Amino acid sequence: MSATHPTLSHLGPTGSHAPKWQVVEPAWRIVEVSPDEPADGWAHRGVERVGRACAMERDGHDDDALFAAESAADLAHQDDEERTLLIAVGAGAPEPQAVLGWARVDRTRTANLHAAWTLVHTHPDHRRRGIGAHLLAHAQRVAHEAGRGTLQAEVSFAEDSDGPQAPAPTGAGAAPLAAPGVRFALAHGFDLVQVDRRSTLALPLAPDARAAVEALAADAASHAAGYRLHTWHGEIPERWLDGFALLETRMSTDAPMGGLDLREDVWDAGRVLRMQRDRAAMGHDFVITAAEHVATGELAAMTMLDWSRSRADFAMQWDTIVLRPHRGHRLGMLVKCANLRRLAELCPAVRRVHTWNAEENGPMLAINVALGFRPAGGAAVLQKVAAPEEAPAPV
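Using UniProt numbering, the first residue of the sequence shown is number 1, and each one after it goes up by one.
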């Protein structure tokens, strides 16, 4: 299909991805995007346009936006998560500018079958028209049709958000009530269950900051006798796939979750390989540093940094974890220092690293502050529980 005739399910009633419903409103309609829609099609380019506008309004940069190649790869690869992408399309010719907003509903296939993760974005120029409300209503319907009665979401807010704050029930952090996403979610029945802090590290490090990080690394190494570091770029060796899978599984049980109703999400070697494949399909690269407990050969800790090959001026800090039996040896600091050093070698164009941590996760926040990360906003973690009969009917 050409870019002007995308593989959108609203274009015809046949095919495996034909929608069960379609919403038509005088100025716009909501349609479901097919997993076959190409990255250079207008639908995914429209998703990118909306996401970049929202991020620029909030942060002054679009590092946090979902770009077209990422959106398409996410939708095309659904081995471990089922994903539905809905877009609000304005009147006129199908083009990126016609996408006024979008919503995505993610459902894990083997764990947490009661819950769905949802994202809703409306272009800042088209808010207050009911677009976000309709997108959310139909995202909720998708979730309930899949038997998911719990909706979960994360909404970012800027560092300089002023005005009244909603305190997190964890007792750590607060979300600004004036932030558009927070206001929208609370108005539509979501409860605040946790607040994350977003922190950013400016790169390259100044000489004194670099010396401080090296001193932290040396100190951590002095407490980590009996552990060996491994660093992997773009691919985890087969020998370590099972150990890495265990670390990811423990992320689902050991990381602070606040009030989120989530249970253990088990990873295996196959899922790790699919993660690597999916990152490559999105045009991303990654570097991982892990700590091996030499006496047992067990992976005891790991941290991961990810960046886009087409937007190499920033990187995202993904998971960092130390298994409980191995805590107290400063492995978190050790692996993060080593991984930052390797990132600078692999991708010297990176100018900033973003990370998110639960406000109640004091130990990890302390590591980041010591490394030079500074507060740069945050995210409200939200949840809504509704019985299936409460799901809205199509408009």
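Every residue, glycine too, gets a C-beta built ideally from N, C-alpha and C. Quick caveat: nothing in here was measured; it's all calculated off a predicted structure.
So, are the CB atoms of Gln-194 and Thr-170 less than 8 Å apart?
-> yes
Thr-122: buried (16+ other C-beta within 10 angstroms of its C-beta) or exposed?
-> buried
Short check: CB of Ala-338 to CB of Leu-229, under 8 Å?
-> yes
Do the CB positions of His-114 and Arg-141 come within less than 8 Å of each other?
-> In this structure, His-114 keeps its C-beta atom at 8 Å or more from the C-beta atom of Arg-141.
So which of Arg-127, Leu-262 and Ala-153 has the shortest CA-CA distance to Ala-139?
-> Nearest C-alpha to Ala-139: Ala-153.
Would you mind working out which of Met-333, Leu-305, Ala-88 and Ala-168 sits nearest Arg-129, comparing C-alpha positions?
-> Closest by alpha carbon: Ala-88.
How big is the Cα-Cα spacing for Pro-375 and Asp-63?
-> 16 Å
Exposed or buried, what is Asp-285 when buried is set at 16 or more other beta-carbons lying within 10 Å of its beta-carbon?
-> buried
Rank Val-353, Thr-355 and Leu-136 by C-alpha distance to the C-alpha of Ala-103 and give the top, closest one.
-> Leu-136
Confirm, please, whether the CB-CB distance from Val-335 to Thr-200 is below 8 Å.
-> Cβ distance not < 8 Å, so Thr-200 and Val-335 don't count as in contact.
Use the C-beta contact count for Ser-222: other C-beta atoms within 10 angstroms, 16 or more gives buried, fewer gives exposed.
-> exposed
Thinking C-beta only, is Leu-262 closer than 8 Å to Met-321?
-> The sequence shown places Ile at residue 321, rather than the Met named in the question. Not a contact, by the Cβ cut-off of 8 Å.
Shortest alpha-carbon distance to Leu-299 belongs to which of Ile-288, Arg-342 and Ser-308?
-> Ile-288
Throw me the rounded Cβ distance for the Ala-312 and Ala-281 pair, which I believe falls under 8 Å.
-> Incorrect: roughly 17 Å between the Cβ atoms, too far for contact.
Starting from the C-beta of Met-316, find all residues in its chain whose C-beta is less than 6 Å away, skip the five residues before and the five after it, and write them out in chain order.
-> Asp-306 and His-354
Contact between the segment 376-385 and the segment 177-197: three or more CB pairs below 8 Å?
-> yes
Using a Cβ-Cβ cut-off of 7 Å (strictly less than) and excluding sequence neighbours within five positions of Ala-27, which residues of its own chain qualify?
-> Gly-90 and Ala-91
Thinking Trp-42 and Pro-96 are a contact (beta carbons under 8 Å), I'd like their distance in whole angstroms, please.
-> 5 Å
If we ignore side chains and look at the alpha-carbon of each, how far apart do Gly-258 and Leu-346 end up?
-> Their Cα atoms are separated by approximately 35 Å.
If we count the other Cβ atoms within 10 Å of its Cβ and call it buried at 16 or more, is Trp-21 buried or exposed?
-> Here Trp-21 scores only 43 on pLDDT, less than 50, and its place in the model should not be relied on; the value that follows carries that caveat. So Trp-21 ends up on the exposed side.
From Ala-18 to Pro-363, what does the alpha carbon distance come to, in whole angstroms?
-> Reliability of the predicted coordinates at Ala-18 is poor, the pLDDT of 36 falling under 50, and no value is obtained from them.
By the 10 Å Cβ neighbour count, where 16 or more other Cβ atoms means buried, how is Val-294 classified, buried or exposed?
-> exposed
Are the Cβ atoms of Ala-39 and Ala-65 separated by less than 8 Å?
-> Ala-39 places its beta carbon 8 Å or farther from that of Ala-65.
Strand pairing of Glu-32, partner residues [DSSP] | Leu-86
Roughly how many angstroms lie between the CA atoms of Ala-386 and Ala-211, to the nearest whole one?
-> The C-alpha of Ala-211 is placed about 52 Å away from the C-alpha of Ala-386.
Which partner residues does His-121 have in the DSSP bridge list?
-> Among the bridge pairs identified by DSSP, His-121 is matched with Trp-102.
C-beta atoms of Thr-108 and Asp-80 nearer than 8 Å | yes
Ala-166 and Leu-177: beta carbons closer than 8 Å?
-> Pairing Ala-166 with Leu-177 gives a Cβ-Cβ distance under 8 Å.
Reference Ala-202, options Cys-54, Ile-367 and Phe-314, closest by Cα = Phe-314
For Met-304, which residues from the same chain have a beta carbon less than 7 Å from its beta carbon, with the 5 sequence-adjacent residues on both sides left out?
-> Phe-286, Ile-288, Trp-318 and Asp-319
Just tell me which of Ser-161, Gly-163, Asn-112 and Pro-180 has its CA closest to the CA of Ala-133.
-> Pro-180
What residue from Thr-150, Leu-100 and Asp-106 has the CA that sits closest to His-126's CA?
-> Leu-100
Out of Glu-57, Asp-74 and Gly-270, point me to the one whose CA is closest to Val-33's CA.
-> Asp-74
Going by DSSP, which residues form a beta bridge with Lys-384?
-> Paired residues: Leu-151.
Counting only runs of 4+ residues fully inside the segment 234-270, write out the alpha helix (DSSP H) ranges in chain order.
-> 241-254
Cross-strand partners of Ile-288 (DSSP beta bridge) | Trp-232 and Met-304
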